[in-house]
Amino acid sequence: MFKKNNFVFGIVLSVVVNILTMALFDLILHLFDLSLEKNAKIFLLSFIPNIILLRYYSKQQLMHTVKAIITVLFFGFCTLLYFLYASGHFGGNV
1 MFKKNNFVFG IVLSVVVNIL TMALFDLILH LFDLSLEKNA KIFLLSFIPN
51 IILLRYYSKQ QLMHTVKAII TVLFFGFCTL LYFLYASGHF GGNV
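Residue 1 is where the sequence shown starts when you use the numbering used here, and the numbers rise one by one after that.
Now the structure itself:
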């Protein structure tokens with residue numbers, strides 16, 4: 001099941017893993033009573049499982065899946081950086 005060499009499979013897999021990891025970090029923030037405004041950069045860590053997937057599928061020589069994971073990583077990272085910048089996390093305000 002995990003050895004499909006398909007662009008769509010890679011996008012779906014990467015998005016699902018990214019959403020699950022972000023939900024886990026959101027749950028951790030709520031469990032420890034931390035505010036999202038002060039700890040929003042922790043969501044950058046949600047890309048680590050995708051990087052592990054990227055390494056696994058590149059070792060298996062499944063390049064269509066790797067391209068999809070790289071695409072999701074790039075657009076997700078850019079989107080997260082945009083929202084962090086828009087909320088003032090890179091301007092020295094927070």
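Beta carbons: idealized from backbone N, C-alpha and C, even for Gly. None of these values were measured; they are calculated from a predicted model.
- Residue 90 counts as exposed, since fewer than 16 other beta carbons sit within 10 angstroms of its beta carbon.
- In the structure shown, residue 6 falls within a coil segment according to DSSP collapsed to helix, strand and coil.
- The Cβ atoms of residue 18 and residue 50 sit closer than 8 Å to each other.
- Each of 78, 38 and 8 was checked against the Cα of residue 88, and the nearest Cα belongs to 38.
- Annotated three-state conformation of residue 89 is coil, per DSSP.
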